[in-house]
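Enquirer:
There are 4 protein chains.
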Amino acid sequence: MKKLRAGILGATGTVGQRMIQLLEAHPWFEVSCVAASDNSAGKVYSQATRWMLDTEIPQAVSKMTVQACAPGLDCDLVLSGLPSNIAEETELQLAKAGMPVISNASSHRMKPDVPLLIPEINPDHLDAIESQKKRIGGRGFIVTNPNCSTIGLVFPMAALHRKFGLEALHVVTMQALSGAGYPGVPSLDIIDNVLPAIDMGGEDRKIETEPLKILGRWAGNQFQDVAIRMSALTHRVNVRDGHLEAVSVKLAKKASREEVEAAMRDFTSPIDELNLPSAPRPVMILESHAQRPQPRRDRDRGNGMAVVIGPVAPCGVLDYKFRLLSHNTIRGAAGAAILNAELLYKKGMIG
Amino acid sequence: MKKLRAGILGATGTVGQRMIQLLEAHPWFEVSCVAASDNSAGKVYSQATRWMLDTEIPQAVSKMTVQACAPGLDCDLVLSGLPSNIAEETELQLAKAGMPVISNASSHRMKPDVPLLIPEINPDHLDAIESQKKRIGGRGFIVTNPNCSTIGLVFPMAALHRKFGLEALHVVTMQALSGAGYPGVPSLDIIDNVLPAIDMGGEDRKIETEPLKILGRWAGNQFQDVAIRMSALTHRVNVRDGHLEAVSVKLAKKASREEVEAAMRDFTSPIDELNLPSAPRPVMILESHAQRPQPRRDRDRGNGMAVVIGPVAPCGVLDYKFRLLSHNTIRGAAGAAILNAELLYKKGMIG
Amino acid sequence: MKKLRAGILGATGTVGQRMIQLLEAHPWFEVSCVAASDNSAGKVYSQATRWMLDTEIPQAVSKMTVQACAPGLDCDLVLSGLPSNIAEETELQLAKAGMPVISNASSHRMKPDVPLLIPEINPDHLDAIESQKKRIGGRGFIVTNPNCSTIGLVFPMAALHRKFGLEALHVVTMQALSGAGYPGVPSLDIIDNVLPAIDMGGEDRKIETEPLKILGRWAGNQFQDVAIRMSALTHRVNVRDGHLEAVSVKLAKKASREEVEAAMRDFTSPIDELNLPSAPRPVMILESHAQRPQPRRDRDRGNGMAVVIGPVAPCGVLDYKFRLLSHNTIRGAAGAAILNAELLYKKGMIG
Amino acid sequence: MKKLRAGILGATGTVGQRMIQLLEAHPWFEVSCVAASDNSAGKVYSQATRWMLDTEIPQAVSKMTVQACAPGLDCDLVLSGLPSNIAEETELQLAKAGMPVISNASSHRMKPDVPLLIPEINPDHLDAIESQKKRIGGRGFIVTNPNCSTIGLVFPMAALHRKFGLEALHVVTMQALSGAGYPGVPSLDIIDNVLPAIDMGGEDRKIETEPLKILGRWAGNQFQDVAIRMSALTHRVNVRDGHLEAVSVKLAKKASREEVEAAMRDFTSPIDELNLPSAPRPVMILESHAQRPQPRRDRDRGNGMAVVIGPVAPCGVLDYKFRLLSHNTIRGAAGAAILNAELLYKKGMIG
């Protein structure tokens, strides 16, 4: 089988690096070109990038010349790890030039005809692509994945909403340093410290809005949000990878603690039968020990693609409370985009 | 003026060390003796203790011989930083022997006639001491201060409950290492990590119950809890000192964001006029920057005795949300006990 | 091929856990029993141990019942990760009962007839075993590996001594937390800090003496040290795994910087042809970037069994200076013992 | 007494902030103006700066308008915390305009007629100022203090060189994050890590050369270096403040361990009798515990102006080895410059 050729946008950043790492031995895709900002364009990748991961740069990519983020890249699809300020214009330009753009950037996430896709949860949101193509005017299109804190949260939301109806969700996050990119958080700010209100509260707002689109539905011409009351308080902690979230929920229908845990443990997805290479089985892992999940111990479960959930307990204010953890640069970014690409490929929408 | 002589129980522990540090230049009290476990008894203090604080051991204390925690200590009052398992019996024994025991331990906090005292909030709870003395049978008695996470939380609770009525409170804590004592948390557990469910959830329960007694009332023969729905999720983070808490509240009476902030900013206490040496003015400091409070930057405000509160924002699930920070071994432990002793002294109940 | 059955002594400790992890898919050995202190004996392994590694406990081991560290274990050899105070007696007892003991403990390292073995460097030291067996009186014997800081250091020492003669070596270490075991270093000691003089200087002495035995020779009835002047200053830093060492050397024979680097890069070992499963190729990796090696980025090179060495530069006091890094619980402990066992097996001395 | 008016160059940086903090209650100097880069010029100081220190911004400074770093500042002297690339030109320009410039920047340190001044060690180096004034052509001049790692090291060097003659010194540093300024070291680089070769080895070279000038002499028209062989290996560790250094020395004259310690403990300085406000007494504190000094516990000794030295031990390669610690932004930068200004004032060279 001939592999699809993937171009990586923002290839020198933390998300771009993870994309390259995760595609090293991918059965369907291979990195055919790398693109980044003008600073890096023209340089050899190994020179242009400050590689942060524990494994080595894949040989083939190491020697590639970094290109500009513009139409003309030699690939069948692009995976974008661009910063949002640049992504908006660049991704649209590429889509207009006919390229499928699978993006981790926030710029297009909330556009009325852009899928905010999690394959296990809302694969039917791909129905929007036909409309989007018409707007953009060609064969190219944009598909996005959620914010790195949203994504872990949406899994239990989907499971509980489906079974019991979800009325309200309150979440406090403790997020890892890699979520801020590189150079990101200065060490003098985080040593012996916690930093509240990531992005001055912008992160809180993403978590409060993105799940409503994800759990909503495509109404033929635009996405319609689901109605769940949301509240988020975000924090940066001195952890390398892995976002921990403390969650409380209010359900529409009465349910026992056991039923709540079972709803998450037994969650099945319409894509389970597709056997996508990056899809973890199960996608939610329930831990019974009160002091789990922990970022360092649980972030790599399911190759960094699983969401680990701690024991459920009654909440004195809402109905139930629990904690969850997901790897922010794998399930929360690079791995999410790749899984989206896998779904598109399996559905015949790329390649 | 002759200073009252204070004995320190658990003098070699983290709380005992802070008590000794804070009393070094105290206007009313001086350390007259130090007591600790049998391991340490008989040794010179400087030899027996692994001093953890940035200042030097006060000269006078440094040379004292550590005594056993038993009746016969040469002092007018004891301040207890004992671990809870030992405190229960030892403190009662000392009280029975006629000693005023001002304790940071949890053992007696929830007893029906033991004040769980915060001078700025419930000084009238000292009314219980007469009953307690009768039970114990002598001149001695026990007064306690709350858990290090409870105490920061109770200040905004008191302010909001007084003005608007407080129906429900949800809190997620990010607590410092020193709260676990010494040796406490192994470094291999916390590096690049967060630890949920402190004390396997025992900490959550203290935070959910202690405020109800503190904000309740003395009913003549026992304390009666106030009715507020509470939910707590606790975490240990890689910070030396300073507990950060993310709080959401539901009020009985409608109030604007500005009124909520004003209720905390303008909080006054019956003891303000007493000018107790360790009482900070103001006790609650409101910060307007979204990314405050932070443990390292705000823990020493008001000499570690103030509670620093971040900006109030609407909560999508309850009514309002905000963050607070207090120094866990000063306001949350040693300083709390000393302030209690100051109130007792000013009221003529010791000395 | 039937695998040799290995018993793990000190199976619940940090070194014992690594041994179990590294043997999970070993081609020659399998864990047949686990033994630990009386506290743990009788419990199921998964209950008795606080597993610290990122991978899961191997299924088969997870369910084993922990046994006492005493003769009668059902295995062909034991790998010992016991603490030194217990190892002395226990290991001797097992050897006397006929068991090959491959130990990471320091107790027997400096005994006149006990090999302090690094297969790539002094495989001929196994000649001492015949004498040792006579002393002990049976078929059992003890083979040890060096201290976790010594081992990384000895590789460049061996390469340079062989080529140029080594007159003096000065080393300053920055060692990882896992070297102190679990619970090990209290987090309050290491946050925002560095701790000098590990083990009150005992660690310095091990580093100053062990290499002299390793690079020395078996003189028929005892080991004779090589004569190299040594100086070590040790420190604990806030790093999980990976000991970094800053080294300066004085050579007997003049050599250029390039020759010094080549001596290490081109190092070959008599065991290269044996293709032992855990032996990395090459064993020394030379990095040309001035800011390498770094603990987090380089500790896993060669599956944690390689020694990574930074660029060599002229030293203003001795001749040359450079830095090295090795994984302290793999190359420096569990992996070292396993590699020793592999050499013994290949030489027909066990099994 | 009327205080001298000090202008702070680079006032928003980490060193500038420390200068402002340390001058808050200074008996001789007061901050009269603050200057910084064009980005900040024109803004109110509290808005322009990201204040990093635990104390509040001094009220008076908080409201000052930041000025450009150019002649015309309203002050009697300037203290410069400028980055080196900017300092070279700017400081010279100010000196030419008649201003005494007391600088922490490295740009002018090694100029043949610029004192690299440590008041306790080489106050006679101020003799060079007359020559320098002639070169510059006016009443202005430049005085510098050493690199933050050099300064702690020079104290024992001075003590030992004076008593025994110093032939060679080998030092390995473990330096704090604040030495890299702000934003400085990215947190993703330092978490669970150590970074070797600060400034790609540029820091090593400063440490190997600056002490030779400091301990040298003014020969009438230029400074002449002392002859001591030097070797330095630098590292960045995960510590907020406080540089730890592991030192080995070779002496010209035989001396016992006790004599070496005494030479440092009994060190006296020609300026002792001047009672400069920021001069600590003693300037070197000898600790007898093997596991001291430690950054967090010892950096604030002598208000951050003392150098703390651990026990001296024989070195197997050179003669003796020991560790030292000094606060890098106080003794190593801001406090060093202020002490230089104090000496100049007392000598009647400014004001």
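Residue numbers (the working numbering), protein chains in the order written: chain A, 2 to 352; chain B, 2 to 352; chain C, 2 to 352; chain D, 2 to 352.
Glycine included, C-beta positions come from ideal geometry on N, C-alpha and C.
Would you call the CB atoms of Val318 of chain A and Arg230 of chain B closer than 7 Å?
Expert: Here residue 318 of chain A is taken as the residue at index 317 of the first sequence, counted from 1. Here residue 230 of chain B is taken as the residue at index 229 of the second sequence, counted from 1. In contact: Val318 of chain A and Arg230 of chain B (Cβ atoms closer than 7 Å).
Enquirer: Excluding five sequence neighbours on each side, which residues of the same chain lie with their C-beta closer than 8 Å to the C-beta of Ala228 of chain A?
Expert: Within the first sequence, numbered from 1, the residue matching residue 228 of chain A stands at position 227. Only Leu213 meet the Cβ criterion.
Enquirer: Let me know the secondary structure DSSP gives Ala129 of chain D once reduced to three states.
Expert: Taking the first residue of the fourth sequence as 1, we reach residue 129 of chain D at position 128. Look at Ala129 of chain D here: in three-state DSSP terms it is helix.
Enquirer: According to DSSP, Trp219 of chain A sits in a beta bridge with which residue or residues?
Expert: Against the first sequence, residue 219 of chain A aligns to sequence position 218. Bridge partners of Trp219 of chain A: A:Phe224.
Enquirer: Could you name the residues of chain D that Val186 of chain A contacts, counting a contact when the two beta carbons are closer than 8 Å?
Expert: For this step, residue 186 of chain A is matched to residue 185 along the first sequence. The contacting residues are Pro187, Ser188 and Leu189.
Enquirer: Determine the burial state of Thr56 of chain A: buried for a count of at least 16 other Cβ atoms within 10 Å of its Cβ, exposed for fewer.
Expert: If you number the first sequence from 1, residue 56 of chain A lands on position 55. Result: exposed.
Enquirer: Less than 8 Å between the CB atoms is what I'm expecting for Leu189 of chain A and Tyr183 of chain D, so what's the real figure, rounded?
Expert: On the first sequence, residue 189 of chain A is found 188 positions in, with the first residue counted as 1. On the fourth sequence, residue 183 of chain D is found 182 positions in, with the first residue counted as 1. Indeed, because the Cβ distance is near 6 Å, the residues count as touching under 8 Å.
Enquirer: For Ser289 of chain A, name the three-state secondary structure that DSSP assigns.
Expert: Locating residue 289 of chain A in the first sequence gives position 288, where the first residue counts as 1. Of the three classes helix, strand and coil, the one that applies to Ser289 of chain A here is coil, per DSSP.
Enquirer: Buried or exposed: where does Met158 of chain C fall if 16 or more other Cβ atoms within 10 Å of its Cβ makes it buried?
Expert: Numbered from 1 along the third sequence, position 157 holds the residue referred to as residue 158 of chain C. It is buried - the Cβ of Met158 of chain C has at least 16 other Cβ atoms within 10 Å.
Enquirer: For a cutoff of 7 Å on Cβ pairs, would you count Arg266 of chain B as touching chain C?
Expert: For the purposes of this step, residue 266 of chain B is taken as the residue at position 265 of the second sequence. No, no contact with chain C.
Enquirer: I'd like the span of the alpha helix (DSSP H) that includes Ala7 of chain D, first residue to last.
Expert: As a working mapping, residue 7 of chain D is identified with position 6 in the fourth sequence. First-last for Ala7 of chain D: Leu5 to Leu10, but that is the beta strand (DSSP E), not the alpha helix (DSSP H).
Enquirer: Applying a beta-carbon distance threshold of less than 9 Å, which residues of chain D neighbour Asp193 of chain B?
Expert: Counted from its first residue, the second sequence places residue 193 of chain B at position 192. Near Asp193 of chain B (Cβ distances below 9 Å), the residues of chain D are Ile192 and Asp193.
Enquirer: Just mark Ser289 of chain D as buried or exposed, buried being the case when its beta carbon has 16 or more other beta carbons within 10 Å.
Expert: Here residue 289 of chain D corresponds to residue number 288 of the fourth sequence, with the count starting at 1. Answer is exposed; the Cβ neighbour count stays below 16.
Enquirer: Along chain A, in chain order, which residues have C-beta atoms closer than 8 Å to that of Asp55 of chain C?
Expert: The residue you call residue 55 of chain C lines up with position 54 of the third sequence. What Asp55 of chain C touches in chain A: Arg297, Arg298 and Asp301.
Enquirer: Quick one: measure Cβ to Cβ for Leu161 of chain C and Val250 of chain C, integer angstroms, because I've assumed they're closer than 8 Å.
Expert: For the purposes of this step, residue 161 of chain C is taken as the residue at position 160 of the third sequence. For the purposes of this step, residue 250 of chain C is taken as the residue at position 249 of the third sequence. Leu161 of chain C to Val250 of chain C, Cβ: 6 Å. Contact.
Enquirer: Along chain B, which residues have their Cβ under 7 Å away from the Cβ of Tyr183 of chain C?
Expert: Here residue 183 of chain C refers to the residue found at position 182 when the third sequence is read from its first residue. Taking a Cβ-Cβ threshold of 7 Å, the residues of chain B close to Tyr183 of chain C are Pro187 and Leu189, in chain order.
Enquirer: By the 10 Å Cβ neighbour count, where 16 or more other Cβ atoms means buried, how is Lys3 of chain B classified, buried or exposed?
Expert: The residue labelled residue 3 of chain B in the question sits at position 2 within the second sequence. Exposed.
Enquirer: Check distances from the C-beta atoms of the region 215-242 of chain A to those of chain B and list, in chain order, the residues that come in under 7 Å.
Expert: Arg230, Met231, Ser232, Leu234, His236, Val238, Asn239, Val240 and Arg241
Enquirer: Between which residues of its own chain and Ser179 of chain A is the CB-CB distance below 7 Å, once the five residues before and five after are set aside?
Expert: Numbered from its first residue, the first sequence carries residue 179 of chain A at position 178. Result list for Ser179 of chain A: Thr15, Arg241, Asp242, Asn329 and Thr330, in chain order.
Enquirer: Write down every uninterrupted run of the alpha helix (DSSP H) in the region 70-120 of chain B whose length is 4 residues or greater and which is fully enclosed by it, in chain order.
Expert: Within the region 70-120 of chain B, the alpha helix (DSSP H) runs of at least 4 residues that lie entirely inside it are, in chain order, 85-97.
Enquirer: Enumerate in chain order the residues of its own chain whose CB-to-CB distance from Arg19 of chain A is below 6 Å, with the five nearest sequence positions on each side excluded.
Expert: By one-based count along the first sequence, residue 19 of chain A stands at place 18. These residues qualify, in order along the chain: Thr330 and Ala335.
Enquirer: Name the chain C residues whose beta carbon is nearer than 8 Å to that of Leu178 of chain B?
Expert: Within the second sequence, residue 178 of chain B is the residue found at index 177, counting from 1. Ordered by position in chain C, the residues that pass the 8 Å Cβ test against Leu178 of chain B are Ser188, Leu189 and Ile192.
Enquirer: Mind reading off the beta-carbon distance from Met11 of chain C to Leu127 of chain C? Whole number of angstroms is fine, and I expect it under 8 Å.
Expert: Stepping through the third sequence from its first residue, residue 11 of chain C is reached at position 10. Stepping through the third sequence from its first residue, residue 127 of chain C is reached at position 126. Before going on, a small fix: residue 11 of chain C reads as Gly here, not Met. No, Gly11 of chain C and Leu127 of chain C are not in contact; Cβ-Cβ is about 24 Å, not under 8 Å.
Enquirer: For Ser196 of chain C, return the contacting residues in chain D, with the cut-off set at a CB-CB distance below 7 Å.
Expert: Working through the third sequence from its first residue, we reach residue 196 of chain C at position 195. Note that residue 196 of chain C corresponds to Leu in the displayed sequence, not to Ser. Within chain D, the residues placing a beta-carbon under 7 Å from that of Leu196 of chain C are Gln292 and Gln295, ordered along the chain.
Enquirer: Going along the chain, which residues of its own chain have a beta-carbon closer than 7 Å to the beta-carbon of Pro113 of chain B, five neighbours each way excluded?
Expert: As a working note, residue 113 of chain B is residue 112 in the second sequence. Gln223 and Phe224.
Enquirer: Quick one: measure Cβ to Cβ for Pro147 of chain A and Ala129 of chain A, integer angstroms, because I've assumed they're closer than 8 Å.
Expert: Translated into the one-based positions of the first sequence, residue 147 of chain A becomes position 146. Translated into the one-based positions of the first sequence, residue 129 of chain A becomes position 128. Incorrect: roughly 15 Å between the Cβ atoms, too far for contact.
Enquirer: What in chain C is Cβ-close to Val313 of chain D, meaning under 7 Å?
Expert: Sequence index remark: in the fourth sequence, residue 313 of chain D carries index 312 (1-based). The premise fails here: Val313 of chain D is roughly 12 Å from chain C at the closest Cβ pair, so nothing lies under 7 Å.
Enquirer: Roughly how far, in whole angstroms, is the beta-carbon of Met175 of chain A from the beta-carbon of Ala291 of chain B, given that I think they are within contact range, below 8 Å?
Expert: Start at 1 with the first residue of the first sequence, and residue 175 of chain A comes out as number 174. Start at 1 with the first residue of the second sequence, and residue 291 of chain B comes out as number 290. About 17 Å; that fails the 8 Å criterion.
Enquirer: When the cut-off is 7 Å and only beta carbons count, does His328 of chain C lie next to chain D?
Expert: One-based indexing of the third sequence puts residue 328 of chain C at position 327. No, His328 of chain C does not count as interfacial toward chain D.
Enquirer: Taking Ala352 of chain B as the reference, give the member of B:Pro101, B:Ile286 and B:Asp205 with the closest Cα.
Expert: Here residue 352 of chain B refers to the residue found at position 351 when the second sequence is read from its first residue. The sequence given here places Gly at residue 352 of chain B; Ala does not occur at that position. Nearest option by C-alpha distance: B:Pro101.
Enquirer: Report yes or no: do the region 305-322 of chain B and the region 58-67 of chain D share at least 3 C-beta pairs separated by less than 8 Å?
Expert: no
Enquirer: Which parts of the region 156-200 of chain C are runs of the beta strand (DSSP E), unbroken and 3 residues or longer, counting only runs that do not cross its ends?
Expert: 167-175
Enquirer: Using a Cβ-Cβ distance under 7 Å, would Ala247 of chain C count as near chain D?
Expert: Along the third sequence, one-based indexing puts residue 247 of chain C at 246. Interface residue (Cβ-Cβ distance to chain D less than 7 Å): Ala247 of chain C is classified as such.
Enquirer: Compute the Euclidean distance between the alpha carbons of Gly305 of chain A and Ser107 of chain A, then round it to the nearest angstrom.
Expert: Within the first sequence, residue 305 of chain A is the residue found at index 304, counting from 1. Within the first sequence, residue 107 of chain A is the residue found at index 106, counting from 1. Each residue's alpha carbon lies about 21 Å from the other.
Enquirer: Nearest to Trp52 of chain B by alpha carbon, out of B:Lys348, B:Gln22 and B:Ala36?
Expert: The count along the second sequence starts at 1 and reaches residue 52 of chain B at position 51. Of the candidates B:Lys348, B:Gln22 and B:Ala36, the one whose C-alpha sits nearest the C-alpha of Trp52 of chain B is B:Gln22.
Enquirer: On a Cα-Cα basis, can you pick out the residue from A:Leu325, A:Pro281, A:Ala342 and A:Gly349 that is closest to Cys149 of chain A?
Expert: Position 148 of the first sequence holds residue 149 of chain A. The closest CA to that of Cys149 of chain A, considering only A:Leu325, A:Pro281, A:Ala342 and A:Gly349, is found on A:Leu325.
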